[in-house]
Structures are given as structure tokens and as C-alpha cells.
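Residue numbers (this note's numbering): 4 to 69.
The block underneath contains the structure these notes are about, expressed in C-alpha cells.
This is the structure we're talking about:
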């Protein structure tokens, strides 16, 4: 299926969860914020929410510093 990922059109597996998508794209256990179709997801939703054809996902990696 085709989705919009951080502004780019990409192919993703059907019925892939947000957590699996993050792992597949190298985020692993890194802290991230995810917006799906304009709504920020809770970290607890990553394991259950699935991407769908034509959805828009924005992933931002959280960095700390001082």
C-alpha cells in the first residue's frame, strides 16, 4: 500500500502497525512522536494502530539536550 511518510510517498506492508513501521524504518526503541492523519498518537497506541492505504504518518525523533 502507498502512504505518505514525512512528506514522501512510500510503500508499506498491508496491516502494518505503527510500532512495526517504526522498527522497519530504523527507529527501534528511540523516543519518537507520531502523528497519524493529523492526530498525535499515544505511545501505548503504537502496538495496536495499523497504517491504512493513503494515510499520512509524520514521525519526529525526540532529542534531549541542555
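We treat Cβ as the ideally placed atom computed from N, Cα and C, and that holds for glycine.
No experiment lies behind these values; they were computed from the predicted model shown.
By the CB criterion at 9 Å, residue 22 and residue 16 fall outside the cutoff.
Apart from sequence neighbours up to five positions away, the residues of its chain that approach residue 44 with a beta-carbon distance below 8 Å are 21, 37, 38 and 52, ordered along the chain. Within a 10 Å sphere around the beta-carbon of residue 65 sit fewer than 16 other beta-carbons, which makes this residue exposed.
Annotation: residue 21 is outside any beta strand (DSSP E); the continuous alpha helix (DSSP H) that includes it extends over 21-27.
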